[in-house]
Amino acid sequence: MSIRCSFEDCRCCVITFSNANRVQLPGNTVETFQLMQYINSTYQQNEFLLVKDVWDFDNVGVSKQIPSELIDLNQTVSFQWDNKPWIIEKCLKYLICAECDKGPIGMVCQVTNNHESTTLYLLSLSSLAL
Numbered sequence: 001m002s003i004r005c006s007f008e009d010c011r012c013c014v015i016t017f018s019n020a021n022r023v024q025l026p027g028n029t030v031e032t033f034q035l036m037q038y039i040n041s042t043y044q045q046n047e048f049l050l051v052k053d054v055w056d057f058d059n060v061g062v063s064k065q066i067p068s069e070l071i072d073l074n075q076t077v078s079f080q081w082d083n084k085p086w087i088i089e090k091c092l093k094y095l096i097c098a099e100c101d102k103g104p105i106g107m108v109c110q111v112t113n114n115h116e117s118t119t120l121y122l123l124s125l126s127s128l129a130l
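Numbering-wise (UniProt numbering), the sequence shown opens with residue 1 and increments by one.
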């Protein structure tokens with residue numbers, strides 16, 4: 001199943017959906033990071049698609065830096081993935097549709113767990129169309 005840009009004049013394929021990579025972030029994440037919301041989305045605001053490699057996308061762009069004032073350093077943002085708890089240490093940049101340059105539809109984040117640290121791409125499912 002393809003996940004597509006939600007703008008009527010675009011609708012390009014952003015990525016092929018894999019339920020195995022779906023994660024849930026805290027309920028206010030979309031608002032906190034000021035991500036775009038698709039009014040007809042069938043997904044909850046806290047549902048994200050976790051992408052490990054930027055080359056897994058069919059069509060995505062990386063945009064401006066996420067303003068540091070959006071991030072409350074006293075609040076821990078965590079999620080479960082691959083049977084491990086992960087903590088978002090820092091969100092670096094916004095993800096946008098590379099075809100129409102609209103968004104933001106997700107973010108590039110540095111995450112850690114007890115044993116490793118990595119950069120992941122978190123795509124907001126409530127920002128996109130099926």
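Think of the CB as a built atom: it goes at the ideal place given N, C-alpha and C, for glycine as much as any other residue.
Below 8 Å, can you find three or more Cβ-Cβ pairs linking the region 106–118 to the region 37–46?
no
K93 versus T32: straight-line alpha-carbon distance, rounded
Counting from 1 along the sequence shown, the entry for residue 93 is found at position 93. Counting from 1 along the sequence shown, the entry for residue 32 is found at position 32. In a straight line, the C-alpha of K93 is about 14 Å away from that of T32.
With a CB to CB cut of under 8 Å and the five nearest residues on each side skipped, what residues in its chain are close to L130?
Taking the sequence shown and counting its residues from 1, the one referred to as residue 130 is at position 130. Counting only Cβ-Cβ distances below 8 Å, and skipping sequence neighbours, we find M1, S2, I3, R4, F17 and T42.
Consult DSSP for S78 and reduce its assignment to one of helix, strand or coil.
Translated into the one-based positions of the sequence shown, residue 78 becomes position 78. In this structure, S78 counts as strand in the three-state DSSP scheme.
Just to check my reading of the structure: V51 and L120 have Cβ atoms closer than 8 Å, yes? What is that Cβ distance to the nearest angstrom?
The residue you call residue 51 lines up with position 51 of the sequence shown. The residue you call residue 120 lines up with position 120 of the sequence shown. Confirmed, Cβ separation roughly 7 Å.
So what's S117 in DSSP terms, helix, strand or just coil?
Here residue 117 corresponds to residue number 117 of the sequence shown, with the count starting at 1. Looking at S117 - three-state DSSP - the assignment turns out to be strand.
CA-to-CA distance, Q34 to P104, given in whole angstroms
As a working note, residue 104 is residue 104 in the sequence shown. As a working note, residue 34 is residue 34 in the sequence shown. Answer to the nearest angstrom: the Cα atoms are 8 Å apart.
What first and last residue would you give for the beta strand (DSSP E) that runs through V111?
Mapped onto the sequence shown, residue 111 falls at position 111. First-last of the beta strand (DSSP E) with V111: G106 to T112.
Taking the alpha carbon of L95 as the reference point, which residue from P67, S63 and Q75 has its own alpha carbon closest?
Residue numbering aside, residue 95 sits at position 95 when the sequence shown is read from its first letter. Selected option, being the one with the closest Cα: S63.
Can you tell me the Cα-Cα spacing of A98 and T76, whole angstroms?
Residue mapping note: residue 98 aligns to position 98 of the sequence shown, counting from 1. Residue mapping note: residue 76 aligns to position 76 of the sequence shown, counting from 1. Distance between the alpha carbons of A98 and T76 is about 30 Å.
Using only the alpha-carbon positions, how far apart do D101 and G61 sit?
For the purposes of this step, residue 101 is identified with residue 101 of the sequence shown, where counting begins at 1. For the purposes of this step, residue 61 is identified with residue 61 of the sequence shown, where counting begins at 1. Going by the C-alpha atoms only, they are around 7 Å apart.
Report the rounded CA-to-CA distance for T118 versus L49, giving the unit in angstroms.
Residue numbering aside, residue 118 sits at position 118 when the sequence shown is read from its first letter. Residue numbering aside, residue 49 sits at position 49 when the sequence shown is read from its first letter. Rounded to the nearest angstrom, the two C-alpha atoms are 16 Å apart.
Put T42 into one of helix, strand or coil per three-state DSSP.
Here residue 42 refers to the residue found at position 42 of the sequence shown. T42 falls in the coil class under three-state DSSP.
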